[in-house]
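See structure below.
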Amino acid sequence: MPVPPGVATSGPASTVVPGASGRWFLARPNLQLLVDQLRADGRTVIAPTLADGAIVYDEITSIAELPGGWTDAQAPGSYRLAPRDDGRLFHYTVGPTSWKRWTFPPRVPMIDGRRDGAAVTFEPGRELPTRLAFLGVRACELAALRIQDRVLVGGPYVDGDYQSRRASALVIAVECSTASSTCFCTSMGTGPEVHDGHDLVLTELDEGFLVRAGSMAGSALLARLPLTVASVEEIYAAREQVAAVAAAIGDPVPTTGLHDRLLAQVDSPRWDRVAERCLTCTSCTMVCPTCFCTSVVQRSDLDGTASTGERVWDSCFSLGFAKVAGGNFRSRPRDRYRQWLTHKFATWIDQFESFGCVGCGRCITWCPVGIDVREELMAIAPPLELGVEPAPAAPVAASPSEYRVGRVRSVRHETADTTTLVIGDLDPAFLAGHPGQFAMVDLPAFPSLPISISRYRPDAIELTIRAAGPASTALTRLKPGAELGMRGPLGSSWPLERAAGRDVIIVTGGIGLAPLRPLIDAIMAQRRRFGDVRIYYGARTPHDLLYADEIEELTQRPDIELGVTVDRAGPEWLGRVGVVTQLFDQAQWDGSGAVAFVCGPERMMQVTVGVLAAHGITSDRVYVTLERHMQCGIGLCGHCQMGKYFICRDGPVFSLASLGGIFGREGV
Amino acid sequence: MQGAEMAAPSAGERRYTVGYLTRVEGEGSLLLRVRDGDVLEARFKIFEAPRYFEQLVVGRTPDEVIDIVARICGICPVAYQMSAVHAFEDCFGVAIEPAVRTLRRLLYCGEWIESHALHIYLLHAPDFLGYPSALAMAADHRDVVARGLAIKKLGNEILEVLGGRAIHPVSVRVGGFSRVPRRAELEALRPALDDAVRMARDTIDFVTGLDAPEFDRPMRYVALRHASEYPFNDGRIVSSDGIDVAPTRWDDAFVEVQVEGTNALHARTAGEHQVYLVGPAARVALAGDRLHPLAAAALADTGLVERVRSNIYWSIAARAVELLHALAEARDIIDAYRPPAAPRVAWEPSPGRAAWATEAPRGLLFHRYEVDAQGLIAAAQIVPPTSQNQGAIEADLVAFAPRVLALPHDEAQHRIEQLVRSYDPCISCATHFLDLQIEEVP
Amino acid sequence: MVVSTTPARLRLGIVKFASCDGCQLSLLDLEDELLDVAERFEVVEFAEASSLRSRGPYDVLLVEGSISTADQAAEIIELREQARLLLTIGACANAGGIQALRNWTSEQAFRAAVYPSPDYIDSLATATPVSEHVTVDASLPGCPISGGQLREVLASIAIGRRPQIREESVCVECKRRGTPCILVSSGVPCLGPVTQAGCGAICPAFGRGCYACFGPKEAANTASLGDAFVGAGRAPTEVGRLFAGFTAYAEPFRTQVTERRGLERSAPFGRPSVLPVGAVPPVADVMRGAGTAGGPADPAAPITPAGRSKAGGTRARRRAGDPDARR
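Protein chains in written order, with our numbering: chain S, 1264 to 1931; chain W, 1489 to 1930; chain A, 1228 to 1554.
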């Protein structure tokens, strides 16, 4: 039976408390009274403070020590504080420390041993925990406490030290009023709303705090504070604030079926790729609020007669962790990363009935090289739903009796016969197109032409046109400021999502690069979602190479392989000469998991798919784009029919498998 | 070892060789050729392998230089950091906060305490009491050795609180420190400091009661002298015979010399090429009136003021007095400590000559750097105290050796080693290691 | 009759090559525990602290310093034969130390730049780790080593258990200590993620980045960290120079220094203002007849013999083949 992620099935029971459903309001300055009451109870108050360029949990006596007027900006591998101009005390998310520091400290004396001749004695090294109050616990952190409760107290063997520390700490939660770009509690089902696990929960508004109790102890505390009954406005303001946070985060990591998907990828080549970046520094496990791996270190006198065993935080990323006399079960960094990710997101469920991750984002922020587990999960075990292509944007002016006007913003003559027009001031529907789609482009008195959209910009599109006839020539002669008419975006698009987590091969010749260019843009924008990316581009001569400066830039990137060749060239050309398939027909890469996108003259495409097949890329993973005489662009004039397909409407992008025998067959 | 071989002994010559000198820092040897009670030739052979620090810093930034030059010596890394950082700040026109200046004095106190306690108890005292080592001495005088270790430990703790660790502290930066301590961290040292001050007085008593040979040789002393402070990081370079230059202009008054048969460079006065002495005895002689009142009183009580000025064996007393001074000053600094507004100030490098001298535990330490237009080091000159003392050591040995030639050889060697140890030479500093060889030529 | 059950003391030697002495000092800095060590081990050779010398045999030999001269290269081989367990301590012995930076350039040029008469200086072209000359049984990293780790190793040898030297990054120590990561929170370049732990993560706790005193950790992914620094806007040669520190010669730091050209600015320059050999008269000449420093004391003045002369007469010379040696 599926268990909602992030919800423990065992842990301290919450009691129904009279009045616990009451919502109260505490004016901002009166928060100090809460701190005073806690201290009067003999509790040390641990709360967020500013130290060493970060917000860390530490002891406070006054609310002046909270990071009022500060917020954080987090990204993979980066954490910065920034001042705010309001007096909010909790308008940030989580920092590098977690409450684990107090419930499960980094160093705990476990045992004292003595040896006296043949006799041995043992004394437990128990430290008496101090009474604590945690002020500022976020929803994700409550979930983390629940998870560690399950691990350390909810099984057949109990960690007494954790149990006593946990019992000595009062928990005052705070609902988040902002999210960091690294948060994903929503995906893990742990926040940002606080539901249980707290003694008190505060939601900060401009004038003060909405307060709710979650336990007897919390209610008793409330009774000693100057509260007013929360107004309807305050209740709604609090709810909206939290809802806005949830909306801002969205759902970055769909977790349905993640357990099985991840375990099915034990041999994924992606593990090697992340291992190239991973430093095995253990930072992720150290900042994680649920990681619980430890080691016991002995410290003894020189004779070995008296020794103390100390339990210290350890990590599955450290080499010695899996060492036994004579070997190491997990010495490769790749194996260590795989162990961590699969434990956190898959096998933890088998062990403890929930995910081990609460979506706090610390491992993303505090990774020195910014490895992002969300990205890694999506690349290694993408959700099945994403195999379906997003719904195409509805075209504008689909009927040939309408055109929308766009204006030429700039003109770039790529080669002697090919020009790129940048079209702005156009209907936004064109901007929402997908790579591989085309527009029907029209100048009065000329027939309209299907032109591939060769780039999507935030406020413009690019059309790359080869002057093959009078109509296309007229388009290539347009000057900036000239207008033209367009219908679209039309046709099918390159299925980018089919390539997520896989190697990508792009083979193109001549102007065939134009419809592939937006696909290359999309891949580069999210490079890490894909495996190896190889682009092979051929042109007739060096003077026919399109987008020469962009090709040059792509050549400089270490994270893609780009091969360029020309059919013939003069002595000034220092690159390859030959047909494009010669760039990879002898290559050693294995295409058995790869996806290929091909566009160019039909003859070139036919030879190409044969070479791709020889590399193991079967026809269901090869996509081509076809060209036919199009007039209406919407499958109603009959011109572009090929077999059972109307190229303009069912294509122009097709999987090779769907084309079957008609691909390359003459006269179809 | 390279170097021209000493001339073959002729009739009537004796050569004395003391093996690898122990209980000094570093590796070296001294060879004396003696005939008829006259010393014909004295030569130091430093075989501590040269590490070429003046080249290692080329192309590095000023903050990197601070980390690198610390590694010249494990016992006195702070001294190298202080001379370097003040040289750069002087060149770049960086003004540090007064509280930072005081913290740097405290850091130096920590190092003097650790270094002087090490030398007095672990390196030198065994000679006076006739033991080969403090470890052997502890068998009969455990409380004495424990006292030395306890004082040394406190010196290290001061360094750890300020600098992160005692050997090669990490927090000294151009413009200040990368981090300054909270009051509570320094106050935690107070109880141990009171104990240590008491132990330092005991040390002075202990040292005063030692038996030292008569060996009075007035010396030319060189040290920093400041208008009001006992010298650490500030003051003019003065000598007992009239030299008086700014701390940036050591090379106006002195010059370095390469001597055959040794990996180390010597220093002499410019012009006359005279030898001179730096270190605790020099400081007490030239700046004794700036000692902390407790230390000045203790020095007066010993009755050794004149001895310290003229007999190098009594440098141990100068060192003990400075130990008390450093502890007393450290205590005063900690009592008055208020953290600076910022641990360090912003700075920009500028090209030019960066030079400064500070007082390492063993004496004057001079650094000079050429900084290029990119703010990187183009050249460096580092003159450690032991380099500067080498000539004086040789001169003393030449003068002293005849007196012990009548003793059994082992005894003579021991006596000569004891003399060398009075200088507290720190040989790794200047790729120096003292190993006395007195070659007896029959 | 009482039969002593104290186990025989293990013979411990501590020797030094080209280094600053800091690692040996770490042993002396054990302070209270030093005397315990001296009870459990017989310190037979420790030139910095004891006049008792021994050429071996040693049960445990701690070696500090890099091999930088021909004599040292010969001597370490002799010492290896005398040692049952040879442990290198510190960055110099393990990785060549900061002086190993000269391995990237011409030592001749270095020597000429420092000494005006370079022929009188004996040194090798390289400063190399001890392990390039003899087999090493174990090593303690650090610049200086950690006193706690040294103590742990000595205790382990005495007890007969495996030393608990944790193989982990400095990040682990920072996180246990509670120091926010300085690399992530302020962009300060820090080598902690690729550096072996042992120092207790001092530098980040003191507001500056780790500079890798303890050398590369196992599986140190310096390429990835170096790329991350470059991606954050640092020049490649600056990144190369970050790795060109006290453990630069150890792989994979060495490759980073070379490939990113971290030392390309360190061409030697001539050393300013040093007079060459012979420019000033030797001291003995200066003393003879010189009045400024006073004349020699009365040769007849009595010298009190020491109350207890140092034990043993063996002033063993460590330089085989030295014509001045007395055995």
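Heads up, the beta-carbon is just placed ideally off N, CA and C, and yes, glycines get one too.
- For S/G1748, the closest alpha carbon among the candidates S/I1627, S/D1705 and S/L1899 is that of S/D1705.
- Look at W/D1704 here: in three-state DSSP terms it is strand.
- The continuous beta strand (DSSP E) containing S/M1749 extends over residues E1746 to L1753.
- According to the DSSP assignment, W/A1758 belongs to no alpha helix (DSSP H), since it is labelled neither H nor E.
- Burial is judged here by how many other beta carbons sit within 10 angstroms of a residue's own beta carbon; A/Y1285 has at least 16 and is buried.
- In the three-state DSSP reduction, S/Y1799 falls in the strand class (E or B).
- Residues of chain W with a Cβ closer than 8 Å to the Cβ of A/V1270 are, in chain order, S1621 and L1623.
- Within the DSSP secondary-structure output, S/W1576 pairs in a beta bridge with S/T1557.
- By the neighbour-count criterion, in which a residue is buried when 16 or more other Cβ atoms sit within 10 angstroms of its Cβ, W/P1837 is buried.
- Secondary-structure assignment with DSSP links S/E1725 through a beta bridge to S/V1685 and S/R1718.
- Annotated three-state conformation of S/G1622 is coil, per DSSP.
- A residue is called buried once 16 or more other Cβ atoms fall within 10 Å of its Cβ, and S/V1495, having fewer, is exposed.
- Taking the Cα positions, S/T1543 is about 12 Å away from S/R1601.
- Within the same chain, and ignoring the five residues on either side of W/V1633 in sequence, the residues whose Cβ sits closer than 7 Å to its Cβ are Y1609, A1622, M1625 and A1626.
- Secondary structure of S/M1905 (DSSP, three-state): strand.
- Collapsing the DSSP output to three states places S/M1893 in coil.
- Residue nearest to S/G1380 within the set S/A1569, S/W1757, S/R1729 and S/G1622 is S/A1569 (criterion: CA-CA distance).
- Neighbours of W/Y1718 in chain A, taken as residues whose beta carbon is under 9 Å from its own, are absent, since the nearest beta carbon is some 25 Å off.
- The CB of A/L1367 never comes closer than 8 Å to any CB in chain W; the least such distance is about 14 Å.
- A/C1250 sits away from A/I1429, with the two beta carbons spaced by 8 Å or more.
- Per DSSP, A/G1375 is one residue of the alpha helix (DSSP H) stretching across G1374 to I1386.
- At least one beta carbon of chain A lies nearer than 8 Å to the beta carbon of S/C1544.
- For S/Q1561, the neighbours in chain A by C-beta distance under 7 Å run, in chain order, Q1391.
- The beta-carbon separation of S/G1696 and S/P1752, rounded to 3 Å, stays under the 8 Å limit for a contact.
- Counted as a single uninterrupted DSSP element, the alpha helix (DSSP H) harbouring A/Q1299 occupies residues A1297 to Q1309.
- For the region 1408 to 1441 of chain A, the beta-carbon criterion of a distance under 8 Å to any beta-carbon of chain W is satisfied by C1426, I1429, C1430, A1432, F1433, G1434, R1435, Y1438 and C1440.
- The Cβ-Cβ distance between S/F1385 and S/G1399 does not fall below 8 Å.
- By the rule that beta-carbons nearer than 8 Å mark a contact, A/N1448 touches chain S.
- Per DSSP, the beta-bridge partners of S/P1311 are S/Y1320.
- Contact with chain W is absent for A/D1364, since none of that chain's Cβ atoms lies less than 8 Å from the residue's Cβ.
- Looking at the DSSP output, W/Q1869 shares a beta bridge with W/R1856.
- The CB of A/G1405 comes closer than 8 Å to the CB of V1319, T1360, R1364 and P1369 in chain S, given here in chain order.
- Using a Cβ-Cβ cut-off of 8 Å, S/S1578 is close to E1395 and V1399 of chain A, given in chain order.
- If you draw a straight line from the Cα of A/A1462 to the Cα of A/V1397, it is about 24 Å long.
- Here S/Q1295 has I1326 as same chain residues with Cβ atoms under 6 Å from its own Cβ, once five neighbours each way along the sequence are excluded.
- In the three-state reduction of the DSSP assignment, S/Y1425 falls in the helix class.
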